[in-house]
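Have a look at the structure below, then the notes.
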DNA sequence: GTCTATAATTCGATAGAC
DNA sequence: GTCTATCGAATTATAGAC
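Protein chains in written order, with the working numbering: chain A, 1 to 195; chain B, 1 to 195.
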């Protein structure tokens with residue numbers, strides 16, 4: 001006999017996040033209503049407001065938590081040795097970390113327009129912090145004489161764009177195993193910044 | 001004395017497209033109401049339905065027209081000679097064509113989720129047709145011995161991703177003139193596919 | 001072709017019972 | 001913590017006057 005009411009804070013809380021991420025990734029923040037989200041979670045619309053003060057905070061919290069986790073995870077994965085090793089670790093980390101989190105990546109990338117100005121500024125700061133990790137590696141490589149490029153900042157954006165585009169199509173083409181895709185991207189990045 | 005009513009089909013038609021592109025690029029399709037759009041154009045909401053059967057068709061028509069124009073324009077710009085020259089022309093065309101059309105690029109890229117299934121299929125076909133142009137150039141370069149890469153299809157997506165990421169940040173950083181940005185991207189692409 | 005007015009829904013968010 | 005019920009406002013799209 002299923003209860004119609006009761007306390008499920010520990011269960012419902014994560015379910016709200018997961019459902020919101022899935023629905024917003026698929027349909028977009030503005031297109032997903034609180035009623036749709038509630039139905040996906042299996043509660044009534046009013047109950048959602050036990051877990052978020054409003055719809056905007058729900059979006060912001062998901063994006064912030066994702067980006068904070070990306071940065072902390074990379075800092076742990078970074079070998080902090082020579083630039084070549086660090087760049088390889090970055091490419092591998094970026095692909096492998098983001099792949100199983102496609103919904104979060106998609107939301108963090110596509111929903112910037114729907115953040116309030118203050119929330120947008122906070123998210124942009126985090127995004128920039130992640131990009132700065134890559135830029136620092138490229139500049140170290142230039143200093144070591146391992147890399148050569150015309151402009152480290154633009155090369156940073158180019159590499160991130162190249163790697164992030166990956167997640168917009170990988171789900172469709174199951175043609176190649178992850179190891180090969182990773183090798184292909186490493187080959188491109190490695191040659192692009194080579195002396 | 002401004003008229004409050006009257007026929008302005010030739011004026012209002014283009015204004016609807018321009019305003020829709022601008023508003024949707026900034027706020028997203030789902031977040032822009034027909035009333036907002038009408039206010040931007042300078043008419044009442046009901047008048048918009050003289051120019052589109054519904055909101056969905058307005059989005060689809062803009063995306064389709066943009067992509068058809070991209071493909072036709074590239075086919076005219078393509079030197080159709082050696083792969084190296086063609087690749088350089090592609091990079092230059094892609095940057096220069098898309099730069100002054102940032103709103104259309106943004107909409108065509110970000111609003112795929114808001115297309116009906118049939119409209120999505122049609123737009124994906126066009127997108128694929130453009131990507132196939134680049135893939136053909138890369139395969140020609142392999143055949144000529146000018147390029148070497150592990151996988152032409154994935155390299156195609158990687159290059160497009162890299163070039164398209166360009167438009168998400170160029171407006172912010174006016175630091176460098178277009179010629180230099182183009183040279184930086186050409187350097188990266190050229191080295192990435194070099195033998 | 002544009003207007004005003006409105007039908008029919010749907011939205012985010014809240015109040016109060018349990 | 002979840003429910004039901006609801007407020008007030010916004011939505012797409014249409015009807016009919018001019």
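Don't be surprised by glycine CBs; every beta carbon is placed ideally from N, CA and C.
Put simply, the CB of residue 125 of chain A is far from chain B, with every gap to its CB atoms at 9 Å or more. Annotation for residue 99 of chain B: no alpha helix (DSSP H) segment contains it, and DSSP assigns it neither H nor E. The beta carbons of residue 95 of chain A and residue 185 of chain A sit closer together than 9 Å. Here the alpha carbons of residue 112 of chain B and residue 16 of chain B stand approximately 20 Å from one another.
DSSP, reduced to helix, strand and coil, places residue 194 of chain B within a strand of the structure shown. Taking a Cβ-Cβ cut-off of 9 Å, the neighbours of residue 27 of chain A in chain B comprise 30, 113, 114, given in sequence order. About 5 Å separates the Cβ atoms of residue 130 of chain A and residue 71 of chain A, confirming a contact at the 8 Å cut-off. For residue 66 of chain B, the enclosing alpha helix (DSSP H) begins and ends at 55-77. In the DSSP annotation of this structure, the continuous segment of the alpha helix (DSSP H) that includes residue 119 of chain B starts and ends at 117-144. In chain order, 60 place their CB closer than 6 Å to the CB of residue 119 of chain B, counting only its own chain and leaving out the 5 sequence neighbours on each side. For the stretch 176-188 of chain B, the set of positions with a beta-carbon nearer than 9 Å to some beta-carbon of chain A reads 176, 180, 181, 183, 184, 185, 187, 188 in chain order. At the C-beta level, residue 58 of chain B and residue 20 of chain B come within 9 Å of one another. Just measuring C-alpha positions, the residue of B:18, B:143, B:65 sitting nearest residue 48 of chain B is B:18. For residue 34 of chain B, no Cβ of chain A is located within less than 9 Å of the residue's own Cβ. For residue 156 of chain B, the closest alpha carbon among the candidates A:148, A:149, A:165, A:154 is that of A:165. CA-to-CA, the gap between residue 101 of chain A and residue 45 of chain A works out to about 26 Å.
A contact is defined here as three or more CB-CB pairs under 8 Å, and the stretch 129-148 of chain B meets this definition with respect to the stretch 81-89 of chain B.
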